[in-house]
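Undergrad: One structure, pasted below without further comment.
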Amino acid sequence: MVELPSTDPFCSFRSRWRGWLGPTLLSALLLLSGTPRLPAEEPTQQEWIVISGGPALRFFEHGKADSHDKYWGNFIRAAVARLDQLKLQAEGKPGITITWLVYRPAYASRSREEKLDILSVIVEQANALKLPLYWFDTTGQLINYLNAGHDRKVIPIGALDYFGHSNRACLMFDYSTYFDNMSKGYLHEKDLRRIERKAFLRRAVVKSWGCHTGEDFSLWWKRRFGVPMVGAVGRTDYATASLPYLSKGAKWTQ
Amino acid sequence: MILARCSLWLGGLLLSLLFLCSARGEELPSRAAPPLAPDLHLTNPNDAAAAPATEAVSSAQPVLPPPQQAPEPLTPPPGIQVEEFVGHRSYDKDGSGWGWVKRSNEPWSAARWVVFEETPGGVVAPWRLLLNKKRTSDNDFEYRLRGYVAPFTVYDPHTDEFLAVFVPERVELIGPAAAPPEHPGPPFHRVRVPDSTSPVFVRNPNIQAPAALR
Numbered sequence: 002m003v004e005l006p007s008t009d010p011f012c013s014f015r016s017r018w019r020g021w022l023g024p025t026l027l028s029a030l031l032l033l034s035g036t037p038r039l040p041a042e043e044p045t046q047q048e049w050i051v052i053s054g055g056p057a058l059r060f061f062e063h064g065k066a067d068s069h070d071k072y073w074g075n076f077i078r079a080a081v082a083r084l085d086q087l088k089l090q091a092e093g094k095p096g097i098t099i100t101w102l103v104y105r106p107a108y109a110s111r112s113r114e115e116k117l118d119i120l121s122v123i124v125e126q127a128n129a130l131k132l133p134l135y136w137f138d139t140t141g142q143l144i145n146y147l148n149a150g151h152d153r154k155v156i157p158i159g160a161l162d163y164f165g166h167s168n169r170a171c172l173m174f175d176y177s178t179y180f181d182n183m184s185k186g187y188l189h190e191k192d193l194r195r196i197e198r199k200a201f202l203r204r205a206v207v208k209s210w211g212c213h214t215g216e217d218f219s220l221w222w223k224r225r226f227g228v229p230m231v232g233a234v235g236r237t238d239y240a241t242a243s244l245p246y247l248s249k250g251a252k253w254t255q
Numbered sequence: 012m013i014l015a016r017c018s019l020w021l022g023g024l025l026l027s028l029l030f031l032c033s034a035r036g037e038e039l040p041s042r043a044a045p046p047l048a049p050d051l052h053l054t055n056p057n058d059a060a061a062a063p064a065t066e067a068v069s070s071a072q073p074v075l076p077p078p079q080q081a082p083e084p085l086t087p088p089p090g091i092q093v094e095e096f097v098g099h100r101s102y103d104k105d106g107s108g109w110g111w112v113k114r115s116n117e118p119w120s121a122a123r124w125v126v127f128e129e130t131p132g133g134v135v136a137p138w139r140l141l142l143n144k145k146r147t148s149d150n151d152f153e154y155r156l157r158g159y160v161a162p163f164t165v166y167d168p169h170t171d172e173f174l175a176v177f178v179p180e181r182v183e184l185i186g187p188a189a190a191p192p193e194h195p196g197p198p199f200h201r202v203r204v205p206d207s208t209s210p211v212f213v214r215n216p217n218i219q220a221p222a223a224l225r
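What follows is the structure, encoded as structure tokens:
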């Protein structure tokens with residue numbers, strides 16, 4: 002029995018589609034799977050950011066059993082050490098911009114307390130590194146820079162390092178600066194939604210060098226951005242002249 | 012000859028007298044000095060200098076907190092006025108809040124748990140001006156305050172809370188008072204990001220601790 006070709010126009014249309022739908026889908030899938038390797042999708046430029054939080058005032062910390070920030074420059078010295086590392090890593094990679102963001106009010110307060118022009122000292126450090134330094138006075142300014150400091154479609158954030166006070170839920174740009182044992186300028190884990198997801202490269206390297214970040218903040222970070230944030234479970238110590246190290250019993254996690 | 016002998020004898024006498032006097036002159040201070048001399052050698056000159064100063068400061072510090080007045084009148088943000096308040100200092104062993112603050116004509120049920128804004132060289136928390144400088148020194152003291160509640164909050168990292176801020180212009184002690192019925196801290200005080208070291212440890216910070224453990 003010979004099967005007659007269907008005269009149903011819809012049926013013929015379907016059979017015609019069946020013929021080239023498969024290869025089309027296949028090619029589309031191939032195209033999609035290959036997109037991350039395309040030069041247009043892999044940004045040729047990226048920004049590496051280092052953030053320095055500020056020190057406490059001695060007025061508030063003096064005499065405490067666990068007195069913080071006897072030296073004002075803990076978060077500056079460590080940031081400079083990291084910036085040095087990043088500069089070396091960026092050598093021969095023309096598309097990389099390295100930026101240093103520093104929370105100004107805490108250093109301005111400490112300057113007044115110590116009768117020392119700390120802000121100029123920080124500017125000199127940046128000049129010596131030949132890197133751009135941006136002051137920020139509020140969390141809003143920092144978030145604005147992360148979101149729109151550059152066109153993040155063109156120059157996404159490829160690396161972020163944070164040096165400063167922190168606890169398990171919050172990065173504190175000041176601590177005991179305006180208020181004893183308190184923070185006025187901070188990035189709480191609940192504020193992470195204010196930062197654009199797409200500001201970061203998918204393979205961005207993010208690390209908080211503060212205390213306790215790995216205990217909770219890192220989880221929120223990963224959930225928000227899909228990018229891990231390395232953080233400490235336990236405390237970190239800024240006593241050395243270089244990058245901070247883990248205190249006894251602490252460990253890095255992400 | 013006689014004169015010569017006399018002069019020799021007188022000279023000898025004078026010499027011996029002088030020797031005796033000089034010997035006594037050395038002995039007298041040496042009896043009084045021994046306790047002092049070793050002290051001077053053993054103690055740090057800076058400490059020795061600091062000791063009387065500390066005593067002077069201590070004697071100048073009052074037993075009760077003295078009144079304080081900001082060097083310049085406050086300039087609150089638009090829409091906020093400087094008003095009269097009553098503050099009740101409540102030491103919070105968990106957090107860093109200062110105490111309760113309410114307007115003079117309000118009941119304590121309307122009081123807010125606040126952080127006290129301190130200005131080095133200006134108005135500071137009253138306990139800093141007390142003899143022992145302990146945070147608990149003025150617990151359950153009431154103060155007449157002039158100032159305003161700031162339009163922002165600050166973060167207490169020890170409790171993961173956001174607290175209201177009182178900006179003082181003038182502080183005057185009223186005296187000791189019975190504690191308000193509320194426990195120290197804001198209403199959500201016991202709802203915090205659980206500490207891994209605490210017995211109430213949960214992954215999700217939005218999960219509240221059971222009422223019995225709050």
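Top line first, the protein sequences correspond to chains A and B.
Residues in the first sequence are numbered from 2 upward in steps of one, following the numbering used here.
Residues in the second sequence are numbered from 12 upward in steps of one, following the numbering used here.
Idealized CB from N, CA, C, for every residue including glycine.
Tell me whether Y146(A) sits in a helix, a strand or coil according to DSSP, three-state version.
TA: Here residue 146(A) corresponds to residue number 145 of the first sequence, with the count starting at 1. Note: Y146(A) maps to helix in three-state DSSP.
Undergrad: Using a 10 Å radius around the Cβ and a threshold of 16 neighbouring Cβ atoms, would you call N182(A) buried or exposed?
TA: The residue labelled residue 182(A) in the question sits at position 181 within the first sequence. N182(A) should be labelled buried.
Undergrad: DSSP has I196(A) in a bridge; who is on the other side?
TA: As a working note, residue 196(A) is residue 195 in the first sequence. DSSP lists no partner for I196(A).
Undergrad: Determine the extent of the alpha helix (DSSP H) in which Q92(B) is found, giving its start and end residues.
TA: Here residue 92(B) refers to the residue found at position 81 of the second sequence. No alpha helix (DSSP H) contains Q92(B), which DSSP labels as neither H nor E.
Undergrad: Would you say L193(A) faces chain B, with C-beta separation under 8 Å as the test?
TA: For the purposes of this step, residue 193(A) is taken as the residue at position 192 of the first sequence. L193(A) does not count as touching chain B.
Undergrad: Excluding five sequence neighbours on each side, which residues of the same chain lie with their C-beta closer than 8 Å to the C-beta of A189(B)?
TA: In the second sequence, the residue the question calls residue 189(B) occupies position 178. Contacts found: D151.
Undergrad: Taking DSSP as the reference, what is the three-state secondary structure of L161(A)?
TA: Counted from its first residue, the first sequence places residue 161(A) at position 160. Reduced to three states, the DSSP call for L161(A) is strand.
Undergrad: Considering only residues of the same chain and omitting the five flanking positions on each side of H63(A), which have a CB-CB separation below 8 Å?
TA: If you number the first sequence from 1, residue 63(A) lands on position 62. Nothing meets the Cβ criterion.
Undergrad: Is V182(B) near L156(B), with beta carbons less than 8 Å apart?
TA: Against the second sequence, residue 182(B) aligns to sequence position 171. Against the second sequence, residue 156(B) aligns to sequence position 145. Yes, the Cβ-Cβ distance between V182(B) and L156(B) is below 8 Å.
Undergrad: From the DSSP output, in three-state form, read off F180(A) for me.
TA: For this step, residue 180(A) is matched to residue 179 along the first sequence. Here F180(A) sits in coil by DSSP.
Undergrad: Just the Cα atoms here: how many angstroms apart are A66(A) and P157(A)?
TA: Working through the first sequence from its first residue, we reach residue 66(A) at position 65. Working through the first sequence from its first residue, we reach residue 157(A) at position 156. Going by the C-alpha atoms only, they are around 43 Å apart.
Undergrad: For the pair the segment 87 to 100 of chain B and the segment 109 to 129 of chain B, tell me if three or more CB-CB distances fall below 8 Å.
TA: These segments touch.
Undergrad: Where does W101(A) sit, in a helix, a strand or coil, going by DSSP?
TA: In the first sequence, counting from the first residue as 1, residue 101(A) sits at position 100. Reduced to three states, the DSSP call for W101(A) is strand.
Undergrad: Would you call A122(B) buried or exposed, if buried means 16 or more other Cβ atoms sit within 10 Å of its Cβ?
TA: Here residue 122(B) refers to the residue found at position 111 of the second sequence. By the neighbour-count rule (16 or more Cβ atoms within 10 Å), A122(B) is buried.
Undergrad: Anyone know if the C-beta pair for T254(A) and P245(A) falls short of 8 Å?
TA: To locate residue 254(A), count along the first sequence from 1; it is residue 253. To locate residue 245(A), count along the first sequence from 1; it is residue 244. Cβ atoms of T254(A) and P245(A): not closer than 8 Å.
Undergrad: Do you know offhand how far G132(B)'s Cα is from E92(A)'s?
TA: Working through the second sequence from its first residue, we reach residue 132(B) at position 121. Working through the first sequence from its first residue, we reach residue 92(A) at position 91. One C-alpha to the other measures close to 49 Å.
Undergrad: DSSP beta-bridge partners for T237(A)?
TA: Sequence index remark: in the first sequence, residue 237(A) carries index 236 (1-based). For T237(A), which the question treats as bridged, DSSP gives the partners L247(A).
Undergrad: Who are the near neighbours of F164(A) in its chain, counting only those whose CB is closer than 6 Å to its CB and skipping five residues on each side?
TA: Counting from 1 along the first sequence, the entry for residue 164(A) is found at position 163. The residues are S53, F76, A79, A80, W210.
Undergrad: Fully enclosed by the segment 150 to 198 of chain B, which beta strand (DSSP E) runs are 3 residues long or longer?
TA: Counting whole runs of 3 or more residues, the segment 150 to 198 of chain B contains the beta strand (DSSP E) stretches 152 to 167, 172 to 187.
Undergrad: Just checking my contact of A56(A) with W101(A) at CB under 8 Å: how many whole Å lie between their CB atoms?
TA: Counted from its first residue, the first sequence places residue 56(A) at position 55. Counted from its first residue, the first sequence places residue 101(A) at position 100. In the sequence as displayed, the identity of residue 56(A) is Pro instead of Ala. That pair is no contact at about 16 Å.
Undergrad: From the beta carbon of S184(A), is the nearest beta carbon of chain B less than 8 Å away?
TA: Within the first sequence, the letter at position 183 stands for residue 184(A). Output row for S184(A): interface = yes.
Undergrad: Could you tell me how far apart the beta carbons of E190(A) and C212(A) are, in whole angstroms, since I believe they sit closer than 8 Å?
TA: On the first sequence, position 189 is the one that residue 190(A) refers to. On the first sequence, position 211 is the one that residue 212(A) refers to. In fact, because the Cβ distance is near 15 Å, the residues do not count as touching under 8 Å.
Undergrad: Is any beta-carbon of chain A found at less than 8 Å from that of V126(B)?
TA: In the second sequence, residue 126(B) corresponds to position 115, counting from 1. Judged by the 8 Å Cβ criterion, V126(B) is in contact with chain A.
Undergrad: Given a cut-off of 8 Å on the beta-carbon distance, is the pair F174(A) and A107(A) in contact?
TA: Working through the first sequence from its first residue, we reach residue 174(A) at position 173. Working through the first sequence from its first residue, we reach residue 107(A) at position 106. Contact flag set, yes.
Undergrad: What residues from the segment 153 to 174 of chain B come within 8 Å of chain A, judged by C-beta to C-beta, listed N to C?
TA: From the segment 153 to 174 of chain B, only F163, V165, Y166, D167, P168, H169, D171, L174 have a Cβ closer than 8 Å to chain A.
Undergrad: Ends of the beta strand (DSSP E) at S209(A)?
TA: On the first sequence, position 208 is the one that residue 209(A) refers to. Where S209(A) is concerned, the enclosing beta strand (DSSP E) stretches over 201 to 209.
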